[in-house]
Ligand code: SF4
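Chains as they are written, first to last, in our numbering: chain H, 1 to 476; chain W, 1001 to 1197.
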């Protein structure tokens, strides 16, 4: 009898190419996703050393970070150039590097283009039980379908391109178990915000978190991707949610997913990866789903989470002196006073998008709140950015785009958009944004921007009232 | 990659906790397609303040940076390590790092030293006036005042840093093992290779 193992241990063991005496392992990488920002220097490195891409067939490139989300073609159908020269240079580099190195490439105007972490699962390129890497820290997202996925830096991108492997230390395992049923208005985003607030931004450092429990099992694949996406916000290297019937139903028939007899073999294998009864984690945190409220961040760390019914905390209320100092700094940056009700915080900008919350289910949730309503006059800028061209097409087929535009929100082309302040979509200095993205760091959405992380339904509710709002008040 | 063995010089007593990579190098600097010149953007937001530590004459070109817990958290951007390197930093000393940052640091010839907070506090004091000495070979940080702190480091990382070794060349030595893994997977899980479309 073999020792009972966790999901993480099983995936890890199946990918060890070599083990060094100190425990470091050379791990085989099944899927490598490449985008325009973290890859140019890696390809340049390959060229300089005369190396090639070992497994172009396991590599998929798509631009997302830098692309403006305004129209990409003119009325005649010709591609519009990117005004920002540096962004244009990064895109041009990817457009040259992908064919030069024989890599599959989804170009900027393809119907399948989108945020790399939306595209991977949507194309069936990301599969359960695989190891997936990408030069973006939210690669953890793919853990939502049961893949061991993590973000890497550009040197590692070059290493994977050249060798299809990475040298890694095994991580510790952590279980975050969310049991019970969530209440009205509580979404996957609220679950992960609540988890991050509970374990802290460094709570998962050195660990891979497996999310378990009935509340996680009840989530759709879209919701699971949202949860796993923000594993990194809790300090973890990766998140994992065991693949099950929900996952298989989502993946079946996707372009790169196995077909026919291969599909059955794959499902049997994926099913065998679930954590064995009796397997132990290095740490377990149990959360009662019923305690999770629609949540919102007040500060500049993703752990700065309160229920929407809560107040801005007093920095002195934290036990840790360094947290006190950090909270005071956060509040100064955010322009907030301790004690004010979150629901009184006035919002000028709304961003619905990012790899955390730009899938069809997210757009449906936002549209459900916005239907027949209009954004408040004090909301100056409100954009909805679908995660991919396919999500965009689906939303348009369902008429969601009309609900958004009728409500006074802009309907954009797919990309990372205002998640990271790197393309033209930015939040002006000193202004607030109710954002469905994953990071509320200083300057993340543009220099001086103030971010409040929320779910798509909560962002929609804030658009309607012009302040942070308990979405339950707008629901029947 | 330049090897690191002993580094001696002024240490910037920065000390802040949870410094994320957006602070180390703001997003607008990520739009490069080369690795050089990022030192100008390092800590740009903080350096907008004319009294910032980094631009004090005594800390210009300082090879050591002392930081707080969870240094380099946030985005996986390797530009953070390039920016520190371009700023002249060879060693960072902190109680903890984000996993991604410490990996990126080592890959770019920067030594991430982990020391307990008490040691950091003492080094911050010394750094205000005097240089600090870091010896990777003996895994120690010492000061002119007889302080001596030992640190742990993964032996493989240590070897790479001491020899300035490029990881890809090392991995290429395992070519046969990688090929064997590929063959095994192609035989047992052929569906792992994505269909051509
Ligand atoms: S949406 Fe944001 S977090 Fe996601 S891939 Fe793009 S930049 Fe990274």
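Glycine included, C-beta positions come from ideal geometry on N, C-alpha and C. Computed from a predicted structure; not experimentally measured.
Taking only three categories from DSSP, how would you classify residue i?
| i | result |
| --- | --- |
| residue 1001 (chain W) | coil |
| residue 1061 (chain W) | coil |
| residue 1066 (chain W) | strand |
| residue 19 (chain H) | strand |
| residue 401 (chain H) | helix |
| residue 298 (chain H) | coil |
| residue 156 (chain H) | helix |
| residue 175 (chain H) | strand |
| residue 410 (chain H) | strand |
| residue 355 (chain H) | coil |
| residue 1133 (chain W) | strand |
| residue 1196 (chain W) | coil |
| residue 250 (chain H) | helix |
| residue 57 (chain H) | helix |
| residue 73 (chain H) | strand |
| residue 468 (chain H) | coil |
| residue 6 (chain H) | coil |
| residue 944 (chain W) | Shown here, chain W extends from 1001 to 1197; a query on residue 944 (chain W) therefore has no answer. |
| residue 232 (chain H) | helix |
Our contact map puts residue i next to residue j with C-beta atoms below 8 Å; I'd like the distance itself, whole angstroms only.
| i | j | result |
| --- | --- | --- |
| residue 175 (chain H) | residue 210 (chain H) | 5 Å |
| residue 347 (chain H) | residue 370 (chain H) | Wrong, their Cβ atoms sit about 15 Å apart, outside the cutoff. |
| residue 449 (chain H) | residue 431 (chain H) | 7 Å |
| residue 1123 (chain W) | residue 1093 (chain W) | 6 Å |
For residue i, which residues from the same chain have a beta carbon less than 8 Å from its beta carbon, with the 5 sequence-adjacent residues on both sides left out?
| i | result |
| --- | --- |
| residue 1170 (chain W) | 1160 |
| residue 181 (chain H) | 214, 215, 218, 289 and 290 |
| residue 135 (chain H) | 34, 35, 37, 38, 39, 42, 151, 152, 153, 154, 156 and 157 |
| residue 377 (chain H) | 466 |
| residue 1015 (chain W) | 1066, 1067, 1068, 1120 and 1124 |
Can you say whether residue i is buried or exposed, counting buried as having 16 or more other CB atoms within 10 angstroms of its CB?
| i | result |
| --- | --- |
| residue 334 (chain H) | buried |
| residue 70 (chain H) | exposed |
| residue 85 (chain H) | exposed |
| residue 78 (chain H) | exposed |
| residue 23 (chain H) | exposed |
| residue 380 (chain H) | exposed |
| residue 40 (chain H) | buried |
| residue 75 (chain H) | exposed |
| residue 475 (chain H) | exposed |
| residue 80 (chain H) | exposed |
| residue 367 (chain H) | buried |
| residue 1058 (chain W) | exposed |
| residue 1115 (chain W) | buried |
| residue 1002 (chain W) | exposed |
| residue 351 (chain H) | buried |
| residue 1050 (chain W) | exposed |
Against chain W, does residue i count as a neighbour if the rule is that its beta carbon must be under 9 Å from one of theirs?
| i | result |
| --- | --- |
| residue 54 (chain H) | yes |
| residue 71 (chain H) | no |
| residue 13 (chain H) | no |
| residue 400 (chain H) | no |
| residue 125 (chain H) | yes |
| residue 87 (chain H) | yes |
| residue 159 (chain H) | yes |
| residue 422 (chain H) | yes |
| residue 63 (chain H) | no |
| residue 315 (chain H) | no |
| residue 121 (chain H) | no |
| residue 49 (chain H) | yes |
| residue 437 (chain H) | no |
Could one say the Cβ of residue i lies closer than 9 Å to chain H's Cβ atoms, at least one of them?
| i | result |
| --- | --- |
| residue 1027 (chain W) | yes |
| residue 1090 (chain W) | no |
| residue 1061 (chain W) | no |
| residue 1066 (chain W) | no |
| residue 1111 (chain W) | no |
| residue 1054 (chain W) | no |
| residue 1149 (chain W) | no |
| residue 1185 (chain W) | yes |
| residue 1077 (chain W) | yes |
Should residue i be counted as a contact of ligand 3 given a C-beta to heavy atom distance under 8 Å?
| i | result |
| --- | --- |
| residue 438 (chain H) | Of the ligands one can find in the structure shown, namely ligand 1, none is ligand 3. |
Report all residues from its chain with a CB closer than 7 Å to the CB of residue i; omit the five preceding and five following residues, and keep chain order.
| i | result |
| --- | --- |
| residue 355 (chain H) | 115, 117, 118, 138, 141, 229 and 387 |
| residue 220 (chain H) | 246 and 361 |
| residue 1087 (chain W) | 1039 and 1042 |
| residue 468 (chain H) | 296, 308, 342, 343, 345, 347, 434, 452 and 462 |
| residue 256 (chain H) | 123, 124 and 125 |
Leaving out the 5 sequence neighbours to the left and right, which residues in its chain are closer than 6 Å to residue i when beta-carbon positions are compared?
| i | result |
| --- | --- |
| residue 447 (chain H) | 429 |
| residue 188 (chain H) | 219, 223, 226 and 227 |
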